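If you read the protein sequences in the order shown, they are chains X and U.
Offset between the first sequence (1-based) and this note's numbering: plus 1006.
Offset between the second sequence (1-based) and this note's numbering: plus 1006.
Protein chains: 2
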Amino acid sequence: MTDQTSQASDDLAPDSRAPEAQANGFATVREARRNELAEDYVELIADLIHQYGEARPVDIAERFGVRAPTVTKTLNRLAREGLITREKYRSVFLTEAGRTLAQECRRRHEIVLRFLIRLGLDPETAERDAEGIEHHVSEQTLALFESYANRP
Amino acid sequence: MTDQTSQASDDLAPDSRAPEAQANGFATVREARRNELAEDYVELIADLIHQYGEARPVDIAERFGVRAPTVTKTLNRLAREGLITREKYRSVFLTEAGRTLAQECRRRHEIVLRFLIRLGLDPETAERDAEGIEHHVSEQTLALFESYANRP
DNA sequence: CCCGATTCTTAGCTAAGGCTAACTTATACA
DNA sequence: TGTATAAGTTAGCCTTAGCTAAGAATCGGG
Ligand SMILES: [Mn+2]
Ligand SMILES: [Mn+2]
Ligand SMILES: [Mn+2]
Ligand SMILES: [Mn+2]
């Protein structure tokens, strides 16, 4: 196995980083992926509480488009991780940690969304894309998105 | 449970879409999440083949930062899904479908990366963010990213 | 106040994606 | 050419995230 990187003028420029640097990048992405669902949950729970005063599993399931038992199981995990409190057969509420995380997610979501719309995307697509992108933007990127969105 | 949406002038504007529209958005994101890993694999495999003429599991493992058995298992799935071909104890190669997917991923990766750098992000962070974002950009967004990156 | 409908949970299944330990195969070099 | 090392696989573990079927709790209208 010989390295062809240094000789051929790579037209398409594959990743040129050292393997370890690349591995660090993927580690970051894996980490982000592990938190995505929890972030979507707390953000939605905060929204529901804001709109209706409470977050019921049935509403969470409807908005995510998943079945009730899936919600039950995920909520149990979030409780175990200290993001929500719950009693059997009752609505769920955010802990202090949950509220903090929800606020961060909400902020990221808003910034990404406003940025995409400002770029020229239609609101529907912007919402879809923002829902996925929001979990993968660094603070640096967020800052750039924000100033672009706020520009005169 | 009463809807407070119509009365209060919501300072933070929670998601105002109908539950079903929101569910569709999350379905799109779930779908994207299901494909992320396969996309990262075929893209990396294409890179390795381009650089070294072959893609060995040991190199894949090193660059992803995971253990060898994890790679074996994932490669088996990719083979089952018709994206790669493999023989036991040998390097892996892309099928036609795999090459096509790799090319699409590579294109998205490049566009997102160039866009972020053009926005003002440092290359390190741009790579990290692009690695996650690339799986969640619609064609519309991609088009906007591209014209921003190509602008004079 | 009670009974049917709704909501929520439990049990149990599948698949993905990570790991370690142990085994098998391939490679390389003395 | 034989064998030690490197590479790859297998087996088996765990957790997450989805599902259905079935049971338990709650709620509301008569
Ligand atoms: Mn999201
Ligand atoms: Mn969101
Ligand atoms: Mn990626
Ligand atoms: Mn990529």
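Cβ coordinates follow ideal geometry from the N, Cα and C atoms, glycine included.
Remember, it's a predicted structure, so these values are computed and weren't measured experimentally.
Closer than 8 Å to chain U by CB, residue i
i       : result
X:P1020 : yes
X:E1152 : no
X:V1048 : no
X:A1155 : no
X:A1033 : yes
X:E1068 : yes
X:P1025 : yes
X:R1134 : yes
X:V1143 : yes
As assigned by DSSP and simplified to three states, the class of residue i
i       : result
X:V1165 : In the structure as shown, chain X begins at 1007 and stops at 1158. Residue 1165 of chain X is therefore absent and cannot be evaluated.
U:L1089 : coil
U:V1072 : coil
U:L1100 : strand
U:A1108 : helix
X:A1061 : strand
U:L1119 : helix
X:E1022 : Strictly speaking, residue 1022 of chain X in this sequence is Ser, with Glu absent from that position. In the structure shown, X:S1022 sits in coil (DSSP, three-state: anything other than H, G, I, E or B).
X:S1015 : Note that X:S1015 scores 39 on pLDDT, short of 50, meaning its location in the model is unreliable; the coordinates nonetheless yield the value given after this. Coil at X:S1015, not helix or strand.
X:K1094 : coil
X:L1127 : coil
U:R1157 : coil
U:Q1010 : Only weak support exists for where U:Q1010 lies, its pLDDT of 44 falling under 50; the value from the coordinates is given anyway. Residue state, collapsed to three classes: coil.
Cutoff 8 Å: residue i Cβ touching any chain X Cβ
i       : result
U:A1038 : yes
U:I1139 : yes
U:L1104 : Here residue 1104 of chain U is Gly; the residue named in the question, Leu, does not match the sequence. Not closer than 8 Å to any Cβ of chain X, the Cβ of U:G1104 fails to qualify, so no.
U:R1096 : no
U:V1064 : no
U:A1061 : no
U:A1029 : yes
U:Q1013 : Any reading at U:Q1013 must be qualified, since the residue scores a pLDDT of 39, below 50, and its modelled position is unreliable; the value itself is stated next. Not an interface residue.
U:G1071 : yes
Nearest neighbour of residue i, chosen from the options [CA to CA]
i       : options                               : result
U:A1044 : U:P1158, U:R1073 and U:C1111          : U:C1111
X:L1023 : U:E1152, U:R1134 and U:H1142          : With the sequence shown as reference, residue 1023 of chain X is identified as Arg, and Leu is not the correct amino acid for it. Ranking the options by Cα distance to X:R1023, first place goes to U:R1134.
U:H1056 : U:Q1109, U:V1118 and U:T1091          : U:Q1109
X:I1066 : X:L1122, X:V1098 and X:N1156          : X:V1098
X:L1122 : U:G1071, U:T1131 and U:H1142          : U:H1142
X:R1096 : X:L1119, X:R1120, X:G1138 and X:R1062 : X:R1062
X:N1082 : X:R1114, X:T1106, X:V1048 and X:L1150 : X:V1048
U:V1035 : X:E1116, X:L1107, X:G1071 and X:L1054 : X:G1071
X:Y1058 : U:L1100, U:D1021 and U:F1151          : U:D1021
U:P1158 : U:R1124, U:L1148 and U:E1116          : U:R1124
U:R1150 : U:R1120, U:E1130, U:T1131 and U:E1026 : Contrary to the premise, residue 1150 of chain U reads as Leu rather than Arg in this sequence. That would be U:R1120, whose Cα lies nearest to the Cα of U:L1150.
U:N1030 : X:T1131, X:N1156 and X:E1140          : X:T1131
U:R1069 : X:T1080, X:F1032, X:A1103 and X:S1144 : X:F1032
X:T1080 : X:E1060, X:Y1154, X:N1156 and X:N1041 : X:N1041
X:P1025 : U:L1050, U:Y1154 and U:A1103          : U:L1050
Any non-hydrogen atom of ligand 6 within 7 Å of residue i CB
i       : result
U:A1061 : Absent from the structure shown: ligand 6. Ligands present: ligand 1, ligand 2, ligand 3 and ligand 4.
Cβ distance (whole Å) where residue i is taken to contact residue j below 8 Å
i       : j       : result
U:A1074 : U:V1064 : 7 Å
X:L1127 : U:Q1028 : With a Cβ gap of about 17 Å, X:L1127 and U:Q1028 do not count as contacting.
X:A1019 : U:G1138 : At roughly 20 Å, the Cβ-Cβ gap does not stay under 8 Å, so X:A1019 and U:G1138 are not in contact.
U:T1091 : U:A1085 : 7 Å
U:E955  : U:I1117 : Residue 955 of chain U lies beyond the range of chain U shown here (1007 to 1158); nothing can be said about it.
X:T1101 : X:L1089 : 6 Å
U:R1114 : U:L1148 : 6 Å
Chain U contacts from the region 1098-1126 of chain X (Cβ-Cβ distance under 8 Å): Answer set for the region 1098-1126 of chain X: R1112, E1116, L1122, L1125 and G1126.
Interface residues of the region 1075-1091 of chain U facing chain X [CB-CB below 7 Å]:
So the list is empty, because no residue satisfies the distance condition.
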